[in-house]
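Going letter by letter, the sequence shown gives residues 0 to 524 in numbering that gives the first Met the number 0. Idealized CB from N, CA, C, for every residue including glycine. As the structure is a computational prediction, the values presented were derived from the model and not from experiment. In what follows, a structure is listed as structure tokens, so that the remarks can point back to it.
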Amino acid sequence: MKKKVLYVFLLAALILSACGGSGGQPTAARIGWAGSPDTVNPGSAVLTEAYTIFALVYDAMYKLNLDGTFSLGLADSVEHSQDGLVYTYKIHQGVKFHDGQPLTSKDIKFSYELYKTHDDFPYMNSYTAYIESVEAPDDSTLVLTLSEAIPNIESQLVFMYILPEHIWKDHAEGAAAVEFENFEMIGSGPFKMVEYKQNEFVHLAANKEHFQTPPKVDEVIFQTFESQDVLVQAIKSGQVDMITEMPATAVETLKEEATVTVINGAPFAPGVSDIILNQATPENCPTDAGGLCTGHPALQDRNVRLAMAHATDKQKLIDVVLLGYGTPGLTLIPDGLGFWYNDTIKDYAFDVAKANQILDDAGYADTDGDGVREMPDGSQPLNFRINWPSDSIDAPRQAELLSEMWTAIGVKTELAATDPDALTSQCCPVFDYDIILWGWGSDPDPNLLLNANHWARSRQAITRPVIPTRSLTRSMPSRRLNLILISARNSSGKCRKSHSMMWFISSLTTNRMFKPIAQTALRVG
Numbered sequence: 000m001k002k003k004v005l006y007v008f009l010l011a012a013l014i015l016s017a018c019g020g021s022g023g024q025p026t027a028a029r030i031g032w033a034g035s036p037d038t039v040n041p042g043s044a045v046l047t048e049a050y051t052i053f054a055l056v057y058d059a060m061y062k063l064n065l066d067g068t069f070s071l072g073l074a075d076s077v078e079h080s081q082d083g084l085v086y087t088y089k090i091h092q093g094v095k096f097h098d099g100q101p102l103t104s105k106d107i108k109f110s111y112e113l114y115k116t117h118d119d120f121p122y123m124n125s126y127t128a129y130i131e132s133v134e135a136p137d138d139s140t141l142v143l144t145l146s147e148a149i150p151n152i153e154s155q156l157v158f159m160y161i162l163p164e165h166i167w168k169d170h171a172e173g174a175a176a177v178e179f180e181n182f183e184m185i186g187s188g189p190f191k192m193v194e195y196k197q198n199e200f201v202h203l204a205a206n207k208e209h210f211q212t213p214p215k216v217d218e219v220i221f222q223t224f225e226s227q228d229v230l231v232q233a234i235k236s237g238q239v240d241m242i243t244e245m246p247a248t249a250v251e252t253l254k255e256e257a258t259v260t261v262i263n264g265a266p267f268a269p270g271v272s273d274i275i276l277n278q279a280t281p282e283n284c285p286t287d288a289g290g291l292c293t294g295h296p297a298l299q300d301r302n303v304r305l306a307m308a309h310a311t312d313k314q315k316l317i318d319v320v321l322l323g324y325g326t327p328g329l330t331l332i333p334d335g336l337g338f339w340y341n342d343t344i345k346d347y348a349f350d351v352a353k354a355n356q357i358l359d360d361a362g363y364a365d366t367d368g369d370g371v372r373e374m375p376d377g378s379q380p381l382n383f384r385i386n387w388p389s390d391s392i393d394a395p396r397q398a399e400l401l402s403e404m405w406t407a408i409g410v411k412t413e414l415a416a417t418d419p420d421a422l423t424s425q426c427c428p429v430f431d432y433d434i435i436l437w438g439w440g441s442d443p444d445p446n447l448l449l450n451a452n453h454w455a456r457s458r459q460a461i462t463r464p465v466i467p468t469r470s471l472t473r474s475m476p477s478r479r480l481n482l483i484l485i486s487a488r489n490s491s492g493k494c495r496k497s498h499s500m501m502w503f504i505s506s507l508t509t510n511r512m513f514k515p516i517a518q519t520a521l522r523v524g
């Protein structure tokens, strides 16, 4: 999905407001999660876990508040021209990076220009689409000129973390910017990097001199747990103070724990979980980018996709997989985005009889009586592979339920968990799959998801996962994938930010065949 979800800010807010120790004793906030940052390089990161760390270690021009509003971060004030094209920021003086070097407007200019010049950055580049030029006339002034006026400058800058030019200037050109490991992770935020071991832990220490929000705790330790059962046991035993996700089956059990508080409510961190259907054909397969395009040919037929949609019982998925902690969704934009959510769209009805009739009329028959329909030409059965990231908590049960539902319309499935990184590669640009279960996180502004829906960089979209933020009126290119949206999740479930998701969202414009199934919120503390 796109990268950050709002839970990044919620988690940061909880950490920053956590109580310190008494009697001068150092205190640590211990947080358990099932994932790990894929990298600590803001340019190349795609996972929510990475952006959680970025929000604690780096500062940005704006910060997102818990009520969904924005306030100034590094800037003390901002003025804009009458035509909305020029923004002049007065930067707070005295801000220092963790290595003691001063942060000035020149570092901000450097960071914005770095993000703008690298269209090989999966997400940061997309935020610069409207930036025409950046000037730093003095150390405390930044002048941002836009190519056209936009109403959401705050949401465009809130994730553009400010990097120290004196460190990054040696890694700014070509592939070096993406390949830079950035293990020291020098920022100016309320926490400093102490140590990072991928798939094990992230250790942060408080920056008590932070100009705006000095932490009350002394350190934060994010520990990765491979098993969801162990993750739940960790919060029950007191091994950790907070967990960022858990299976819905653990909710009632944790509610009975005297030392654990389970909070549920409207999604603060909206997102969607998807069923992605591969529609790449031999004719439009990106073979020059490594494409194999092994998707089942039946998925290119809208009748098959429509039948599968009618055969998908969203409420059952909510009740069984999420134990009722969800509400049916209707659109790509989850209801957690409030005003932007369209609740007037009519959903596809769950109707197995109708689904079977659609396939009958389209010529998909079970000619050998084995319970599985064949292609109209008899060439192969409707046997689809379903893959999901192996670190997903809910996907295994979800896949089982989908398999049962689709069996009722003569569709057979083969289920397999796959390493997340391998699955990303398997998806794009290789297109070596039939169906993928994955997730997409939303920014606080719906611009990202809406732009992905209209994404039209046909060749670059395959090799360079960039979302042009001005493409609201463009149409989807011929290489399409279809999706049936399943659920909108927050910190109770994994929201994976993957460039591969962009193709899936894009197909909505062309096919208008999407079914959000659930939107849910659950936080554990």
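Check your understanding: Is Ile392 buried or exposed, if buried means 16 or more other CB atoms sit within 10 Å of its CB?
Key -> The residue is buried, with at least 16 neighbouring Cβ atoms inside 10 Å.
**Study point:** Under the three-state DSSP convention, the category Asp106 falls into
**Key:** The answer is helix: DSSP assigns Asp106 an H, G or I state.
**Study point:** Whether Leu71 touches Asp58 by CB criterion (8 Å)
**Key:** Contact: no.
Review point. Run through DSSP, which three-state label would Leu230 get?
Key: In the three-state scheme derived from DSSP, where H, G and I count as helix and E and B as strand, Leu230 is classed as helix.
Review point. Helix, strand or coil: which one does DSSP assign to Ile392?
Key: If DSSP states are grouped into helix, strand and coil, Ile392 belongs with coil.
Exercise for review: Take the Cβ of Phe338 as the centre, count every other Cβ of all protein chains shown within 10 Å, and call the residue buried at 16 or more, exposed below.
Suggested key: The residue is exposed, with fewer than 16 neighbouring Cβ atoms inside 10 Å.
Exercise for review: Please classify Leu321: is it buried, with 16 or more other beta-carbons within 10 angstroms of its beta-carbon, or exposed?
Suggested key: Per the 10 Å Cβ criterion, buried.
Check your understanding: Cα separation between Leu46 and Asp37?
Key -> Roughly 6 Å separates the two Cα atoms.
Exercise for review: Using a threshold of 8 Å, state whether the C-beta atoms of Lys108 and Leu141 are closer than that.
Suggested key: In this structure, Leu141 lies closer than 8 Å to Lys108 by Cβ.
**Study point:** Beta-ladder partner(s) of His202, from DSSP
**Key:** In the DSSP assignment, His202 is bridged to Glu194, Ile220.
**Study point:** Collapsed DSSP secondary structure at Phe53 in the structure displayed
**Key:** Phe53 falls in the helix class under three-state DSSP.
Practice item. Taking only the alpha-carbon atoms, compute the straight-line gap between Leu401 and Thr311 and give it to the nearest angstrom. Key: Their Cα atoms are separated by approximately 7 Å.
Exercise for review: For Asp221, I'd like the list of residues in its chain whose CB is within less than 7 Å of its CB, leaving aside the five on either flank, ordered along the chain.
Suggested key: Note that residue 221 is Phe in the sequence shown, not Asp. Within the same chain, Phe221 has close Cβ partners Ile30, Trp32, Phe200, Val201.
Practice item. Round the Cβ separation of Asp418 and Ser154 to the nearest angstrom and send it over; I've been treating them as touching at under 8 Å. Key: So it is not a contact: roughly 32 Å between Cβ atoms.
Review point. Under the three-state reduction of DSSP, which class applies to Thr423: helix, strand or coil?
Key: In this structure, DSSP gives Thr423 a helical state, which the three-state scheme calls helix.
Review point. Leu63 lies in the beta strand (DSSP E); which residues open and close that run?
Key: Per DSSP, Leu63 belongs to the beta strand (DSSP E) from 61-63.
Exercise for review: State buried or exposed for Glu255, treating a residue as buried only when at least 16 other CB atoms are found within 10 Å of its CB.
Suggested key: Classification of Glu255: exposed, given that the 10 Å Cβ count is below 16.
**Study point:** Cβ-Cβ distance between Ile161 and Ile185 below 8 Å
**Key:** Here Ile161 is not near Ile185, since their CB atoms are 8 Å or more apart.
Review point. Which partner residues does Pro327 have in the DSSP bridge list?
Key: Per DSSP, Pro327 has no beta-bridge partner at all.
**Study point:** First and last residue of the uninterrupted beta strand (DSSP E) at Ser154
**Key:** Counting along the chain, Ser154 falls outside any beta strand (DSSP E), though it belongs to the alpha helix (DSSP H) covering 152-156.
Exercise for review: Measure from the alpha carbon of Phe210 to the alpha carbon of each residue in Gln299, Ala44, His97, Ala135, then state which is nearest.
Suggested key: Cα-wise, what sits closest to Phe210 is His97.
Review point. Helix, strand or coil: how does DSSP classify Thr417 here?
Key: Looking at Thr417 - three-state DSSP - the assignment turns out to be strand.
Review point. Alpha carbon to alpha carbon, what distance is there between Val429 and Gly377?
Key: Their Cα atoms are separated by approximately 27 Å.
**Study point:** Nearest candidate by alpha-carbon position, reference Val219, set Lys191, Val303, Gly370, Ser272
**Key:** For the set Lys191, Val303, Gly370, Ser272, the Cα lying nearest the Cα of Val219 is the one of Lys191.
Exercise for review: Alpha carbon to alpha carbon, how far is His309 from Gly325? Give it in angstroms, no decimals.
Suggested key: The alpha-carbon atoms of Gly325 and His309 are separated by roughly 20 Å.
Review point. What is the rounded straight-line gap between the Cα of Ala99 and the Cα of Thr293?
Key: Checking the displayed sequence, the identity of residue 99 turns out to be Gly instead of Ala. One Cα belongs to Gly99, the other to Thr293, and the distance between them is close to 53 Å.
Point to revise | Proximity below 8 Å, CB of Leu298 to CB of Asn277 | key: In this structure, Asn277 lies closer than 8 Å to Leu298 by Cβ.
Practice item. Taking 8 Å as the cut-off, decide whether the C-beta atoms of Ser43 and Phe120 are in contact. Key: Less than 8 Å divides the Cβ of Ser43 from the Cβ of Phe120.
Exercise for review: Would you kindly check if the distance between the Cβ of Asp433 and the Cβ of Ala361 is under 8 Å?
Suggested key: Contact: no.
Exercise for review: Classify Ser76 as helix, strand or coil using the three-state DSSP reduction.
Suggested key: Ser76: strand per DSSP, three-state reduction.
Practice item. Tell me whether Thr412 is buried or exposed, calling it buried when 16 or more other Cβ atoms sit within 10 Å of its Cβ. Key: Burial state of Thr412 is buried, judged by a 10 Å Cβ sphere holding 16 or more other Cβ atoms.
Exercise for review: Kindly indicate which three-state DSSP category Glu282 falls into: helix, strand or coil?
Suggested key: Glu282 falls in the coil class under three-state DSSP.
Point to revise | Close Cβ partners of Ala348 (< 7 Å) along its chain, the five nearest in sequence each way excluded | key: Here Ala348 has His309 as same chain residues with Cβ atoms under 7 Å from its own Cβ, once five neighbours each way along the sequence are excluded.
**Study point:** Segment contact flag, the segment 137-152 with the segment 82-95, C-beta cutoff 8 Å, min 3 pairs
**Key:** Short answer: they touch.
Check your understanding: For Thr103, which of Leu422, Glu373, Glu134 has the nearest alpha-carbon?
Key -> Per the Cα distances, Glu134.
Check your understanding: Using the rule of at least 16 other Cβ atoms within 10 Å of the residue's Cβ for burial, across every protein chain shown, is Ile152 buried or exposed?
Key -> Counting every other CB atom within 10 Å of its CB across the protein chains shown gives Ile152 a total of 16 or more, marking it as buried.
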